[in-house]
Structures are given as C-alpha cells and as structure tokens.
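Residue numbers (this note's numbering): 675 to 1191. A short write-up of the structure that comes next.
This is the structure:
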C-alpha cells in the first residue's frame, strides 16, 4: 500500500505546474544546507524552548523543598502543591490562545521575543517569593511564555528550514526543551530553589540578544507584502552563493494563493480542516499519554515506589528521587538526539509507531508493578502520594535484596525514551509542517491551547485519581491511549519526509485517498 508523499514525482505532487522545474543542479543548490546561518537562527529561537523545558519541571525539586519549608507563608499543603504543579499548564494554554493572534500580528520572531517579558517576570517573582500567591503568579507567567513559544517556535523553524534538514531542525525545539529540563534537574542537586529561578533568567536574556540579529520568516514577510525584505531574509538564510530564485518563487506563489485570512466557509474545505484536525488530535493524544503529569510529579512518583539501587553484590541503597529525576532527564536528552538524527532518514510515521509501542510497554509495566509489586518500607511525605496504597493490601514489602525495585526507574526511562524519540518532537514538527499557511498562525495557537488545557486537566486530576484509586490506574489509562495513538497514526497521519511545505500543502488539496493510508 502506497505511503502518502513518498511516491514518485508526478502531477499529484507538482505543486507549481505552471513554473518550469529547476534542473538537478539548481535543486541541489536550493536544497543543500550550504549556509550555516539557518542553524544559528534556529538555535536563537529554540532557546525559548530551553526556558520552557526548564520552567515545566521547576516544581519537581521545588515542591519537596517547600513542603518542608520553615517559612509558614511558603510551606505548601497538598492542595497548594497540586496547584503549584498544574497552574503552569493553565498559563501555557493562555499563551497558546494569545499566539493565535500574535503569530500573525507580530510575526513568528517578534512573538518569540515577546515571550521573554512574562518569562523574566515569572522567574523574578518566584525567586523573590514571600507568599504562595507570588509562586502561583510566577508559575503562571512562565507557563504563558512557554505556551507562546510552543506555538511560535516550531512554525518559525519549519518556515526557515530546507526540506532536507527540516526533520532534524524540527526536532531541536523538543531537544532544547529536554536539555532545559535536564539542566533544572542537575542544578536542583546543587542550588536552593530561589537560585533555580534566578538561573532561569539567563537563557531568556541570551535568546533576546541573539534573535535581535536574526531575520523574520520569509513566508511571513511575503504574507505582509514585504517582498524585498523577504528576499533579503531568504538570501541571508541560504547564503550569498545559493540560487534562491526557484525557492522564492515557490513561496511567493503559495502566499499569493492565500493572501487573505481563512474564512469560515474556507474552514469547511477538507484541505483546510483535515490537516488542522490531524494536528489537534495529535496534540490531544500526546498529552493523554501522560508525559506532563509524569514529568511534573517525577520525584514524588519515585518516592512512592521506593526505588533501591544496587550498592554491592549483597546490598542495596535507597535512590534519592533527585538523582532518579536527573537520570531520566539524561535519558530523555539522548533519545531526542536519536530522533533528530533519524527523523529525515526513517521518516515520521515509523518513529511514531516505535515511540507509541515503547510507551505502551513502559506504562503497562509501571501499572503492573505498582499494582502487584512491593510496597515502600516507610510512608513517604510528598504531595499526598504517601497515603496511597500502591496495590493490594497483600503486597510484599520492598526488601534490600530485590532488584525488582529498579522496575519503576527502568520503565520510566523507557517511557521517556519512547516519548522523546517520537511523539515528543514529531508532534510539534508535523504541526508546523501540515498546517496550511493561511491558517498556520491561528491553528498552531489553537493546537497549543488544546494541548495545555488537556495537560492541566491531567496534571490537576492526577493526584485526585491516585488518592482515590491508586497510582496504577493512571498508568493503565496512559497505556490505553498509546494503543489508540497507534491506530490513529496508521489511519490518519501522512508521511512528510523530504517534502517542502508547499508540496505538503498541495498534497492536502488533491484529496487523494492515499492520504488515509
């Protein structure tokens, strides 16, 4: 059965038949990543994702510290800890909502730069917090910045990248988010919680400085009638020696076809609503797999499962949850690197299948371990998980002679590996690839809004479900969602490897049946 967008060149893929195709030599000059400036522009933009990943897991080491704070104004109760962990996602949803307007009003680059304002203010509030309201407000502002960058950065990167490296560059937002999370875990071993917030200001300032020298997206500039500026931006990104005429004409023709904003009548056309619907469902499934609550409550989950690390051939040592979180962060970074290197070789769909399969196995393993495995020797004291029976009352106690207690750590690393090599970066990449230019700014913001509203619902209800039914229940639910994602990927997700954004958009306009196969 033919894979979409992978067949031989033909009329269905001829995006601009009225233009003569460039010679092979011209194609080589257009597609070859001869100029390194596009990588510099990508790095400048994805520093916003670094800050996003850093802020997302800020609560992992901070909540345990504040639960034992000697300051009564900052000492967190179980309910306050739950809000502190989940309010970030509400801010991110608001950031996605604002991106629906800012992405097309200010442009991709200026919207990314604007995100530095709430981000810097949020970190400052948390660093100088003297009450719970300052922590909540700071967390909400950093979430707002994260939601805004989550909608703008993938679009910016996809619009400046060449087709041959768009997969690798499209993985860099997730890669930098993972690196930001790992940096937080590592610094959490060394710095007190206030200084963690101070350290978060650094990447924000560097991002602003670098982006000031980067061009805007040529596609956005053309959509605003700034053709000369768009040509200069494309020439800067591709290099002075590159022949950009064919690529510029492609982009220009596509923009002229979509010179107006999408109307409700146009939204009912399959070539418009189909890619938007695919992007929305992918974002919805991505969150339902459980990545956000697992990352936010990583240390408490490890404390509840009483992980023991082997110390010698005859002894075991209880693992510090902070160390476990740092280990998982390192595994996550390594997995995203694999995805970045293989995405343009293996293709998007293959990695999505492998990713969902690995996550299904990992979630099922954790659920079974919690339900049937050993209980902790002593109650824990983090975020209400201490009161949760991890399975039946007849479970054996964890003893210092069982390697079984390593199962939660290994399974979590497996889950993170699966997510980071597929559904993590590829969901963001496909969103920026398949959304039509006419609706790209609004639709990307809508995707982020749906994603983070789902994340908030999951993060806020996670502790409630755990307290009511046990820690194994959410993990069984996450495993079921992974199975559903396999079906959705096989039925509805197109393969976009090696195609320009204009070719992908033209493909959706053809309405070919192979789209669903």
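Every residue, glycine too, gets a C-beta built ideally from N, C-alpha and C.
### Task
Can you tell me which of the three DSSP states residue 1146 falls into?
In the chain shown, counting from the first residue as 1, residue 1146 sits at position 472. Reduced to three states, the DSSP call for residue 1146 is helix.
### Query
Which of the three DSSP states, helix, strand or coil, is assigned to residue 821?
The residue given as residue 821 occupies position 147 in the chain shown. Residue state, collapsed to three classes: helix.
#### Entry: Sequence-distant residues of its chain with Cβ nearer than 7 angstroms to residue 722 (five each side left out)
Locating residue 722 in the chain shown gives position 48, counting from the first residue. 786, 789, 823, 827, 881, listed in sequence order.
### Message
Once DSSP output is grouped into helix, strand and coil, what is the label at residue 1173?
### Response
As a working mapping, residue 1173 is identified with position 499 in the chain shown. Reduced to three states, the DSSP call for residue 1173 is coil.
### Query
Relative to the alpha-carbon of residue 1120, which residue among 775, 853, 1104, 737 has its alpha-carbon at the smallest distance?
To locate residue 1120, count along the chain shown from 1; it is residue 446. Among 775, 853, 1104, 737, the Cα nearest to that of residue 1120 is on 775.
### Query
Is the Cβ-Cβ distance between residue 748 and residue 740 less than 8 angstroms?
In the chain shown, residue 748 corresponds to position 74, counting from 1. In the chain shown, residue 740 corresponds to position 66, counting from 1. Yes, they are a contact pair.
### Query
Which word fits residue 866, buried or exposed, when buried means at least 16 other C-beta atoms lie within 10 angstroms of its C-beta?
Taking the chain shown and counting its residues from 1, the one referred to as residue 866 is at position 192. Answer is exposed; the Cβ neighbour count stays below 16.
### Message
Assuming contact is defined by CB atoms lying nearer than 8 angstroms, are residue 1009 and residue 907 in contact in what I supplied?
### Response
Start at 1 with the first residue of the chain shown, and residue 1009 comes out as number 335. Start at 1 with the first residue of the chain shown, and residue 907 comes out as number 233. For residue 1009 and residue 907, no; Cβs fall outside 8 angstroms.
### Task
Look at residue 871 and residue 821 and say whether their C-beta atoms are less than 8 angstroms apart.
Locating residue 871 in the chain shown gives position 197, where the first residue counts as 1. Locating residue 821 in the chain shown gives position 147, where the first residue counts as 1. Taking 8 angstroms as the Cβ cut-off, residue 871 and residue 821 do not qualify as a contacting pair.
### Query
Would the region 1158–1167 and the region 943–956 be scored as touching if the rule is three or more Cβ pairs under 8 angstroms?
yes
### Task
Check residue 1095 in the structure and name its three-state DSSP category.
Mapped onto the chain shown, residue 1095 falls at position 421. It is helical.
### Task
Note the first and the last residue of the continuous alpha helix (DSSP H) segment covering residue 1045.
Taking the chain shown and counting its residues from 1, one reaches residue 1045 at position 371. Taken as a continuous stretch (DSSP letters only), the alpha helix (DSSP H) holding residue 1045 covers 1022–1046.
### Query
Should residue 756 be labelled buried (16 or more other beta-carbon atoms within 10 Å of its own) or exposed?
Numbered from its first residue, the chain shown carries residue 756 at position 82. Burial call: buried.
### Query
So, helix, strand or coil for residue 987, using DSSP?
The residue given as residue 987 occupies position 313 in the chain shown. Any reading at residue 987 must be qualified, since the residue scores a pLDDT of 45, below 50, and its modelled position is unreliable; no value is offered.
### Task
Report the rounded CA-to-CA distance for residue 1034 versus residue 1022, giving the unit in angstroms.
Translated into the one-based positions of the chain shown, residue 1034 becomes position 360. Translated into the one-based positions of the chain shown, residue 1022 becomes position 348. Rounded to the nearest angstrom, the two C-alpha atoms are 18 angstroms apart.
### Query
From which residue to which residue does the alpha helix (DSSP H) around residue 871 run?
On the chain shown, position 197 is the one that residue 871 refers to. It spans 867–873 - the alpha helix (DSSP H) in which residue 871 sits, taken as one unbroken run.
### Query
Leaving out the 5 sequence neighbours to the left and right, which residues in its chain are closer than 7 angstroms to residue 948 when beta-carbon positions are compared?
Numbered from its first residue, the chain shown carries residue 948 at position 274. 1182, listed in sequence order.
### Message
Only counting the same chain, and skipping five residues up and downstream in sequence, which positions put a Cβ closer than 7 angstroms to that of residue 1128?
### Response
The residue you call residue 1128 lines up with position 454 of the chain shown. 958, 961, 962.
### Query
How is residue 864 classed by DSSP in three states: helix, strand or coil?
Residue numbering aside, residue 864 sits at position 190 when the chain shown is read from its first letter. Residue 864 falls in the coil class under three-state DSSP.
### Query
Helix or strand or just coil, what does DSSP make of residue 735?
By one-based count along the chain shown, residue 735 stands at place 61. Helix at residue 735.
### Query
What residue does the alpha helix (DSSP H) around residue 787 start on, and which one ends it?
As a working mapping, residue 787 is identified with position 113 in the chain shown. Run containing residue 787: 782–788, per the alpha helix (DSSP H) assignment.
### Proximity below 8 angstroms, CB of residue 719 to CB of residue 836
Numbered from 1 along the chain shown, position 45 holds the residue referred to as residue 719. Numbered from 1 along the chain shown, position 162 holds the residue referred to as residue 836. No, they are not a contact pair.
### Task
Assign residue 1071 to one of three DSSP states: helix, strand, or coil.
Here residue 1071 corresponds to residue number 397 of the chain shown, with the count starting at 1. Model confidence at residue 1071 stands at a pLDDT of 43, short of 50, so the residue's coordinates are unreliable; what they give is reported in the following sentence. Of the three classes helix, strand and coil, the one that applies to residue 1071 here is strand, per DSSP.
### Message
Please state the DSSP three-state secondary structure of residue 751.
### Response
Your numbering for residue 751 matches position 77 in the chain shown. Looking at residue 751 - three-state DSSP - the assignment turns out to be coil, as it is neither helix nor strand.
### Rounded separation between residue 777 and residue 833 - CA only
Counted from its first residue, the chain shown places residue 777 at position 103. Counted from its first residue, the chain shown places residue 833 at position 159. Distance between the alpha carbons of residue 777 and residue 833: 13 angstroms.
### Message
Helix, strand or coil, according to DSSP, for residue 1109 in the structure here?
### Response
In the chain shown, residue 1109 corresponds to position 435, counting from 1. In the structure shown, residue 1109 sits in coil (DSSP, three-state: anything other than H, G, I, E or B).
### Query
Around the C-beta of residue 1171, are 16 or more other C-beta atoms found within 10 angstroms, so that it is buried, or is it exposed?
Your numbering for residue 1171 matches position 497 in the chain shown. By the neighbour-count rule (16 or more Cβ atoms within 10 Å), residue 1171 is buried.
#### Entry: Closest Cα partner of residue 875 within the set 794, 892, 840, 780
Locating residue 875 in the chain shown gives position 201, counting from the first residue. The option with the nearest alpha carbon to residue 875 is 794.
### Task
Quick one: grab the DSSP three-state call for residue 889.
On the chain shown, position 215 is the one that residue 889 refers to. Note: residue 889 maps to coil in three-state DSSP.
### Query
Roughly how many angstroms separate the alpha carbons of residue 861 and residue 905, rounded to a whole number?
One-based indexing of the chain shown puts residue 861 at position 187. One-based indexing of the chain shown puts residue 905 at position 231. Residue 861 and residue 905: Cα-Cα distance of roughly 43 angstroms.
### Query
Looking at C-alpha atoms only, which residue of 1131, 1100, 1107 is the closest neighbour of residue 845?
Position 171 of the chain shown holds residue 845. Looking at the Cα atoms, 1100 is the closest of the given residues.
#### Entry: Member of 1178, 710, 1134 whose CA lies at the smallest distance from the CA of residue 946
Against the chain shown, residue 946 aligns to sequence position 272. Nearest of 1178, 710, 1134 to residue 946, Cα basis: 1178.
### Own chain residues within Cβ distance below 8 angstroms of residue 1104, not counting five before or after
Taking the chain shown and counting its residues from 1, one reaches residue 1104 at position 430. Closer than 8 angstroms at the Cβ level, and outside the excluded window around residue 1104, lie 952, 953, 956, 1022, 1167, 1170.
### Message
Can you tell me whether residue 743 is helix, strand or coil according to DSSP?
### Response
Along the chain shown, one-based indexing puts residue 743 at 69. Coil, per DSSP.
#### Entry: Candidates 1174, 1131, 893, of which the one nearest residue 830 by Cα
Stepping through the chain shown from its first residue, residue 830 is reached at position 156. Answer by Cα proximity: 893.
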